[in-house]
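Heads up: the sequence shown begins at 1323 in our numbering, then just goes up one per residue.
In this text, a Cβ means the ideal position worked out from N, Cα and C, and glycines have one as well.
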Amino acid sequence: MDELRDRMRIIQELVPGKQITIAHIIANPDEVLYQKLGLDPAAEHSGAIGIVTMSPSETAIIAGDIAIKTSGAELGFVDRFSGTLIVTGTVSQVEEALRAVCEYCESKLGFAVCDITKT
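(1) Report yes or no: do three or more beta-carbon pairs, one from the stretch 1390-1403 and one from the stretch 1433-1441, lie closer than 8 Å?
(2) Measure the C-alpha to C-alpha separation of residue 1371 and residue 1405 and round it to an integer number of angstroms.
(3) Below 8 Å, can you find three or more Cβ-Cβ pairs linking the stretch 1353-1364 to the stretch 1375-1383?
(4) In chain order, what residues of the same chain lie with their CB nearer than 7 Å to the CB of residue 1382, ignoring the 5 residues before and after it?
(5) So residue 1397 packs on residue 1347, CB below 8 Å; how close in whole Å?
(6) Measuring straight from C-alpha to C-alpha, what distance separates residue 1413 and residue 1391?
(7) Have a look at 1441, 1438 and 1430 and flag the residue whose alpha-carbon is nearest the alpha-carbon of residue 1340.
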C-alpha cells in the first residue's frame, strides 16, 4: 500500500460554481508589495490590501462595485477573466469592503463563501 501511495498523483482543477475561494486582508503591507502589484503605496488611504477570488469570474465586476460603494476603499485591480479583485484602503475600509462583498454574494447570489482571513 505504501508503494501505491508514493506513486499516487493528485490533479486539482477549478470546477465552475458560485463561490468565493479567497477573501484575505493584508494589514500594513510592506511598500514593496504595493509596488510589485502595481499599486500606489503613497495613496492617501493605504494601509491594507484586500484580495478576493471568485467564480464565475465576471462576478469580480459586481464585487468591485459593491466594495467601493460600501466602504470608501479604492479599486486596485479587477480581472473579469480570472475572478480576482484587489482593493486598497485603511484596514477598516478593506475589512468592510470584503465583508460586504462576501455577504452580498452569499445572501443574494447564493454563493459558497469562505471566511475572511487576515495577516
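A quick look at the data gives this:
(1) no
(2) 16 Å
(3) no
(4) 1376, 1400, 1401, 1402, 1405, 1406 and 1407
(5) No, residue 1397 and residue 1347 are not in contact; Cβ-Cβ is about 15 Å, not under 8 Å.
(6) 16 Å
(7) 1430
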